[in-house]
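*Asks:* First the structure, which I've put down as structure tokens, then a few questions once you've had a look.
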Amino acid sequence: MSETTSTNEENKLPLNGRRAIPPNYSNDEENEVPEMEAFGLIPRGFNPRDYLRVVDIYMFKEPREINKQEHHTDKYYNPKLIVRRGQAFQIQIDFNRPYKPETDQFWVEFMIGRYPQQNKGTYIPILVGNELKPGQWGAKIIHRENNSIRLSIMSSTTCIIGKFRFYVAVLTPFGILRTRRNSATDTYILFNPWCQLDAVYLDDEKEREEYVLNDVGVVFHGNVEDVKSRSWSYGQFEENILDACLFLMDKAELELSGRGNPIKICRVASAVINSRDDNGVIAGSWNNAYDYGVAPSAWTGSVDILLEYYSSKQPVRYGQCWVFAGVFNTFLRCLGIPARLITNYSSAHDNNANLRLDFFLDDEGKVDPKLTKDSVWNYHCWNEAWMTRPDLPVGFGGWQVVDGTPQETSDGMYRCGPASVQAIKHGHVCFQFDAPFVYAEVNGDIFYTRMEKNGTQVVESIDTTRIGQLIVTKEVGGDRMVDITEEYKFREGSDEERLALETAVMYGVKKQSIQDTTYQPQTDVDMDFQVQKAVLGNDFKVTITFRNKSLNSYTATTYLSGNIVFYTGVTKSEFKKHSFSAKLEPSSSSSFDLAITSSEYMSDLLEQASFHFFVTARINETGKILAVQKAVVLEIPTLRIKTKGELVAGKETSVIVEFTNPLKQTLENVTLRLEGPGVLRTIKKQFGRIPMNSTLTWEVKFFPMRPGLRKLIASLNSDALRHVYGELNVQIQKP
Numbered sequence: 001m002s003e004t005t006s007t008n009e010e011n012k013l014p015l016n017g018r019r020a021i022p023p024n025y026s027n028d029e030e031n032e033v034p035e036m037e038a039f040g041l042i043p044r045g046f047n048p049r050d051y052l053r054v055v056d057i058y059m060f061k062e063p064r065e066i067n068k069q070e071h072h073t074d075k076y077y078n079p080k081l082i083v084r085r086g087q088a089f090q091i092q093i094d095f096n097r098p099y100k101p102e103t104d105q106f107w108v109e110f111m112i113g114r115y116p117q118q119n120k121g122t123y124i125p126i127l128v129g130n131e132l133k134p135g136q137w138g139a140k141i142i143h144r145e146n147n148s149i150r151l152s153i154m155s156s157t158t159c160i161i162g163k164f165r166f167y168v169a170v171l172t173p174f175g176i177l178r179t180r181r182n183s184a185t186d187t188y189i190l191f192n193p194w195c196q197l198d199a200v201y202l203d204d205e206k207e208r209e210e211y212v213l214n215d216v217g218v219v220f221h222g223n224v225e226d227v228k229s230r231s232w233s234y235g236q237f238e239e240n241i242l243d244a245c246l247f248l249m250d251k252a253e254l255e256l257s258g259r260g261n262p263i264k265i266c267r268v269a270s271a272v273i274n275s276r277d278d279n280g281v282i283a284g285s286w287n288n289a290y291d292y293g294v295a296p297s298a299w300t301g302s303v304d305i306l307l308e309y310y311s312s313k314q315p316v317r318y319g320q321c322w323v324f325a326g327v328f329n330t331f332l333r334c335l336g337i338p339a340r341l342i343t344n345y346s347s348a349h350d351n352n353a354n355l356r357l358d359f360f361l362d363d364e365g366k367v368d369p370k371l372t373k374d375s376v377w378n379y380h381c382w383n384e385a386w387m388t389r390p391d392l393p394v395g396f397g398g399w400q401v402v403d404g405t406p407q408e409t410s411d412g413m414y415r416c417g418p419a420s421v422q423a424i425k426h427g428h429v430c431f432q433f434d435a436p437f438v439y440a441e442v443n444g445d446i447f448y449t450r451m452e453k454n455g456t457q458v459v460e461s462i463d464t465t466r467i468g469q470l471i472v473t474k475e476v477g478g479d480r481m482v483d484i485t486e487e488y489k490f491r492e493g494s495d496e497e498r499l500a501l502e503t504a505v506m507y508g509v510k511k512q513s514i515q516d517t518t519y520q521p522q523t524d525v526d527m528d529f530q531v532q533k534a535v536l537g538n539d540f541k542v543t544i545t546f547r548n549k550s551l552n553s554y555t556a557t558t559y560l561s562g563n564i565v566f567y568t569g570v571t572k573s574e575f576k577k578h579s580f581s582a583k584l585e586p587s588s589s590s591s592f593d594l595a596i597t598s599s600e601y602m603s604d605l606l607e608q609a610s611f612h613f614f615v616t617a618r619i620n621e622t623g624k625i626l627a628v629q630k631a632v633v634l635e636i637p638t639l640r641i642k643t644k645g646e647l648v649a650g651k652e653t654s655v656i657v658e659f660t661n662p663l664k665q666t667l668e669n670v671t672l673r674l675e676g677p678g679v680l681r682t683i684k685k686q687f688g689r690i691p692m693n694s695t696l697t698w699e700v701k702f703f704p705m706r707p708g709l710r711k712l713i714a715s716l717n718s719d720a721l722r723h724v725y726g727e728l729n730v731q732i733q734k735p
């Protein structure tokens with residue numbers, strides 16, 4: 001026997017010494033269910049046809065029929081029955097003769113996975129009773145006519161989320177007769193934010209429509225001074241997406257019996273969304289090289305990524321934080337967990353979670369890249385999922401932070417959350433999962449520290465307000481930005497904020513006190529730094545302003561370093577160095593302008609057109625150093641989208657995408673993508689090149705799928721220019 005066959009044999013062995021049945025973590029696998037389950041010897045002459053027999057089953061699974069309408073699942077592009085737990089649904093059973101309750105006995109069964117067991121919730125037999133109890137499995141007859149009966153079936157509010165097989169069983173004196181396996185009666189059961197007994201219950205209808213049913217969202221990016229936004233297509237109702245999301249739980253090997261618990265689902269999903277350590281959905285890449293894959297900025301939504309992963313079972317290349325968050329949001333909304341995408345501006349990636357980001361300066365006041373390990377991301381996206389937290393004390397339910405971007409390991413895997421937003425705000429970071437890391441992302445202080453020759457550290461400046469300055473999400477029912485910073489932290493400098501910090505430190509967040517280091521800042525001179533709003537490819541100027549509040553004259557040796565950075569705050573290259581001596585008169589302000597030309601930065605520019613300026617000034621008379629840093633994002637031109645002719649569901653129409661190249665160079669390897677949930681599937685088109693100042697026009701013919709207000713989203717990607725987006729709201733008429 002060859003080695004390969006022997007390993008296959010081992011895989012198939014149903015038992016091992018430790019457990020009676022193998023782990024049950026595949027929603028796809030099935031067991032054989034007998035159609036005739038005899039109670040012993042069957043007498044000759046027994047004919048199953050003499051007994052009550054099921055002829056047909058109707059699931060009322062069309063989008064316009066009662067079940068999908070009442071369960072808010074009519075938007076799923078899926079022919080099978082989809083219901084939400086804890087809420088009654090109807091089916092009809094046709095027998096071969098009228099049902100007689102006095103003598104006939106039948107029940108219905110739901111099963112999931114390969115080894116259904118009643119105590120694990122994977123085998124659910126439901127007897128027909130007289131009343132339905134809220135939140136518990138049950139069935140009652142609501143209508144009888146001729147040979148058919150109509151049942152109302154109630155599912156449990158803690159029921160497993162997934163795809164169940166459905167059978168009807170009839171009792172005869174000699175055994176149980178079951179319906180044949182029929183995939184058309186398969187039933188998906190999802191979370192139910194409309195049901196008060198469900199762990200994900202959300203009491204506001206407008207919020208449920210946004211956080212569960214909206215299939216388009218907005219990603220806020222850029223930086224604090226210059227917030228930018230783009231649309232993202234979640235597409236949670238598109239064809240095969242529900243199956244792809246259930247497959248993610250199989251991939252994460254989450255036991256079926258744990259799949260009724262939103263806390264467990266979020267925790268394993270935050271690991272499987274990224275490909276680190278488990279071959280999950282998306283491979284991250286932050287180095288501007290995207291060979292053999294799609295640049296993160298080119299994606300317009302989650303559908304292509306999830307479908308590619310579902311078919312190839314291999315990580316999809318490539319993603320950065322908003323891609324991980326966009327796909328995670330699709331997963332959560334698809335399963336019925338209310339979810340939203342969050343952006344934290346100036347997000348601390350603190351490698352040792354000590355609430356302190358150290359930027360080390362050399363003798364001249366320049367940042368030393370070899371010693372500086374922490375970074376400040378211009379922005380970082382994560383998700384919030386809404387659920388109760390019975391594992392925590394009362395008051396910590398509601399929004400929970402979950403993050404699929406691989407930053408640091410948690411319990412040995414790259415994952416993060418769920419961490420209660422309320423616990424983070426109040427500093428109660430002892431409550432699982434990963435609250436200290438999230439607390440540091442929104443609350444760190446930046447220390448500018450100079451290394452003396454003898455190894456002592458001198459703190460030259462501390463910035464307590466920059467990290468987590470602005471935390472935002474999309475408004476309910478619109479595309480505008482909502483500031484939710486106050487949900488994560490108390491007002492900077494308030495008593496409550498200090499108290500929350502002390503609580504966090506008490507619960508083990510490391511915070512070095514200033515007493516550890518010598519710190520005597522220069523208090524009588526302020527330095528500020530402003531950048532003119534600039535468009536990609538143009539020149540712009542920066543201004544450094546000093547305010548001397550003292551009665552002394554000072555001279556300041558000033559050093560400006562302009563760097564091209566990844567949006568994670570990591571430097572790629574320094575493109576501008578400039579030093580000058582500034583004379584500061586007593587009790588006055590002085591400003592100094594510097595020109596930045598496009599030729600200085602264009603050759604090395606990265607896709608998000610992000611710069612980072614460090615300005616340090618040494619007051620010569622006192623030897624003290626002032627430091628300030630600022631991130632700048634250039635304006636990137638947008639795509640123009642327009643439609644031609646009227647938009648009617650099912651009738652051909654066309655859309656035109658236009659783009660004018662603003663750069664002083666030819667764009668090479670241009671790819672356009674266009675998609676719109678419910679309007680058209682993603683279309684890609686390659687264009688060789690766009691010379692400078694010339695305009696590209698692309699016309700796409702398509703048949704809009706569904707009526708209603710929809711959104712078209714387009715992106716352009718090329719070697720020299722990325723993060724180019726356009727969008728258009730379209731009203732599609734009924735035919």
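With full-length UniProt numbering applied, the sequence shown covers 1 to 735. Glycine residues also receive a C-beta, built at the ideal position from the N, C-alpha and C atoms.
Give the range of the alpha helix (DSSP H) segment to which F437 is assigned.
*Replies:* What you label residue 437 is simply residue 437 of the sequence shown in a count that begins at 1. Run containing F437: A435 to N443, per the alpha helix (DSSP H) assignment.
*Asks:* CA-CA distance, P14 and I21?
*Replies:* One-based indexing of the sequence shown puts residue 14 at position 14. One-based indexing of the sequence shown puts residue 21 at position 21. Low confidence applies to P14: its pLDDT is 47, below 50, so where it sits in the model is not reliable, and the reading given next is rough at best. C-alpha separation (whole angstroms): 6 Å.
*Asks:* Of the residues S346, V281 and P315, which one's Cα is nearest the Cα of A631?
*Replies:* Here residue 631 refers to the residue found at position 631 when the sequence shown is read from its first residue. Of S346, V281 and P315, the residue nearest in Cα terms is S346.
*Asks:* Nearest to V628 by CA position, among Y567, V525, I142 and L341, is which residue?
*Replies:* What you label residue 628 is simply residue 628 of the sequence shown in a count that begins at 1. Of the candidates Y567, V525, I142 and L341, the residue whose Cα lies closest to the Cα of V628 is V525.
*Asks:* Do you know whose CA, among K541, R722 and N552, lies nearest K576's CA?
*Replies:* On the sequence shown, residue 576 is found 576 positions in, with the first residue counted as 1. Cα-wise, what sits closest to K576 is K541.
*Asks:* Between the segment 281 to 291 and the segment 209 to 219, do at least 3 Cβ pairs fall closer than 8 Å?
*Replies:* no
*Asks:* DSSP state of I690, grouped into three classes?
*Replies:* As a working mapping, residue 690 is identified with position 690 in the sequence shown. Of the three classes helix, strand and coil, the one that applies to I690 here is strand, per DSSP.
*Asks:* Can the beta-carbon of R389 be found closer than 8 Å to that of S270?
*Replies:* Residue mapping note: residue 389 aligns to position 389 of the sequence shown, counting from 1. Residue mapping note: residue 270 aligns to position 270 of the sequence shown, counting from 1. In this structure, S270 does not lie closer than 8 Å to R389 by Cβ.
*Asks:* Going by other Cβ atoms of all chains shown within 10 Å of its Cβ, with 16 needed for buried, is F324 buried or exposed?
*Replies:* Working through the sequence shown from its first residue, we reach residue 324 at position 324. Buried, by the Cβ-count rule.
*Asks:* Tell me which residue opens and which closes the beta strand (DSSP E) that D403 is part of.
*Replies:* Sequence index remark: in the sequence shown, residue 403 carries index 403 (1-based). Per DSSP, D403 belongs to the beta strand (DSSP E) from G398 to D403.
*Asks:* Nearest-angstrom Cα distance between residue 736 and V670?
*Replies:* Summary: the structure shown does not reach residue 736, with the chain confined to residues 1 through 735, and so no result is reported for it.
*Asks:* Give me the Cβ distance between T555 and L584, rounded to the nearest whole Å; I'm assuming they're in contact under 8 Å.
*Replies:* In the sequence shown, the residue the question calls residue 555 occupies position 555. In the sequence shown, the residue the question calls residue 584 occupies position 584. Confirmed, about 7 Å.
*Asks:* If the criterion is Cβ atoms closer than 8 Å, does the pair I126 and G138 meet it?
*Replies:* Reading the sequence shown from its first residue, position 126 is the one you call residue 126. Reading the sequence shown from its first residue, position 138 is the one you call residue 138. Contact: yes.
*Asks:* I'd like to check one pair, P704 with I732: are the Cβ atoms closer than 8 Å?
*Replies:* Position 732 of the sequence shown holds residue 732. Position 704 of the sequence shown holds residue 704. Against a cut-off of 8 Å, the Cβ pair of P704 and I732 comes out as a contact.
*Asks:* Pick out the complete alpha helix (DSSP H) segments inside the segment 592 to 669, 4 residues or longer, and give them in chain order.
*Replies:* 598 to 601
*Asks:* Measuring alpha carbon to alpha carbon, tell me which of R230, V458, G569 and L306 ends up nearest residue 741.
*Replies:* The first residue shown for the chain is 1 and the last is 735, placing residue 741 beyond what the model contains.
*Asks:* Take every Cβ of the segment 25 to 39, pair it with every Cβ of the segment 171 to 188, and state whether three or more of those distances are shorter than 8 Å.
*Replies:* Touching, yes.
*Asks:* Three Cβ pairs or more, each shorter than 8 Å: is that satisfied between the segment 328 to 348 and the segment 464 to 481?
*Replies:* A contact exists between the segment 328 to 348 and the segment 464 to 481.
*Asks:* Between which two residues does the alpha helix (DSSP H) holding H426 run?
*Replies:* As a working note, residue 426 is residue 426 in the sequence shown. Here the alpha helix (DSSP H) through H426 covers V421 to H426.
*Asks:* Using DSSP's beta-bridge definition, name the partner residues of Y58.
*Replies:* In the sequence shown, the residue the question calls residue 58 occupies position 58. Beta-bridge partners assigned by DSSP to Y58: Q92.
*Asks:* Who are the Cβ neighbours of T172 in its own chain at under 6 Å, not counting the five residues just before and after it?
*Replies:* Position 172 of the sequence shown, counted from the first residue, corresponds to residue 172. Contacts found: Y51.
*Asks:* In terms of residue numbering, what span does the alpha helix (DSSP H) encompassing A325 cover?
*Replies:* As a position in the sequence shown, residue 325 is number 325, starting the count at 1. Residues C321 to L335.
*Asks:* Can you check whether the CB of P193 is closer than 8 Å to the CB of A385?
*Replies:* Reading the sequence shown from its first residue, position 385 is the one you call residue 385. Reading the sequence shown from its first residue, position 193 is the one you call residue 193. It is not a contact, given that the beta carbons lie outside the stated cut-off.
*Asks:* Looking only at its chain, what residues have a beta carbon closer than 7 Å to the beta carbon of N729, apart from the 5 residues adjacent to it on each side?
*Replies:* On the sequence shown, position 729 is the one that residue 729 refers to. Counting only Cβ-Cβ distances below 7 Å, and skipping sequence neighbours, we find L709 and K711.
*Asks:* Note down, in chain order, each residue of its chain lying with its Cβ closer than 6 Å to the Cβ of L536, except the 5 sequence neighbours on either side.
*Replies:* In the sequence shown, counting from the first residue as 1, residue 536 sits at position 536. Within the same chain, L536 has close Cβ partners A609, L634 and I636.
*Asks:* Can you find the residues in the same chain that come closer than 7 Å, C-beta to C-beta, to F431, ignoring five residues on each side of it along the sequence?
*Replies:* Against the sequence shown, residue 431 aligns to sequence position 431. Excluding positions up to five away in sequence, the list reads L392, F396, S420 and A423.
*Asks:* By the three-class DSSP mapping on this structure, what secondary structure does S2 have?
*Replies:* Taking the first residue of the sequence shown as 1, we reach residue 2 at position 2. Confidence at S2 is low in this model, with a pLDDT of 39, below 50, so the placement of that residue should be treated as unreliable; the coordinate-derived value is given next. If DSSP states are grouped into helix, strand and coil, S2 belongs with coil.
*Asks:* What is the DSSP secondary structure of residue 812, counted as helix, strand or coil?
*Replies:* Since the first residue of the chain shown is 1 and the last is 735, residue 812 is not available in this structure.
*Asks:* On the three-state DSSP scale, how would you describe I70?
*Replies:* As a working note, residue 70 is residue 70 in the sequence shown. This sequence places Glu at residue 70; Ile is not what is there. Correct three-state label for E70: helix.
*Asks:* So N344 packs on E441, CB below 8 Å; how close in whole Å?
*Replies:* As a first step, residue 344 is located in the sequence shown; it is residue number 344 there, counting from the start. As a first step, residue 441 is located in the sequence shown; it is residue number 441 there, counting from the start. 6 Å between Cβ atoms; contact.
*Asks:* Quick one: what does DSSP say Y448 is sitting in, helix, strand or coil?
*Replies:* The residue given as residue 448 occupies position 448 in the sequence shown. DSSP places Y448 in strand when its eight states are reduced to three.
*Asks:* Can at least three beta-carbon pairs, one atom from the segment 614 to 625 and one from the segment 648 to 660, be found at a separation below 8 Å?
*Replies:* no
*Asks:* Can you tell which of P101, M154 and L190 has its C-alpha closest to the C-alpha of S148?
*Replies:* Residue mapping note: residue 148 aligns to position 148 of the sequence shown, counting from 1. Selected option, being the one with the closest Cα: P101.
*Asks:* Does T449 pass the burial test, meaning 16 or more other C-beta atoms within 10 Å, or should it be called exposed?
*Replies:* As a position in the sequence shown, residue 449 is number 449, starting the count at 1. Burial call: buried.
*Asks:* Where do the ends of the alpha helix (DSSP H) carrying P262 lie?
*Replies:* Translated into positions along the sequence shown, residue 262 becomes position 262. P262 -> alpha helix (DSSP H) spans P262 to V272.
*Asks:* Between which two residues does the beta strand (DSSP E) harbouring I713 extend?
*Replies:* Within the sequence shown, residue 713 is the residue found at index 713, counting from 1. Where I713 is concerned, the enclosing beta strand (DSSP E) stretches over G708 to N717.
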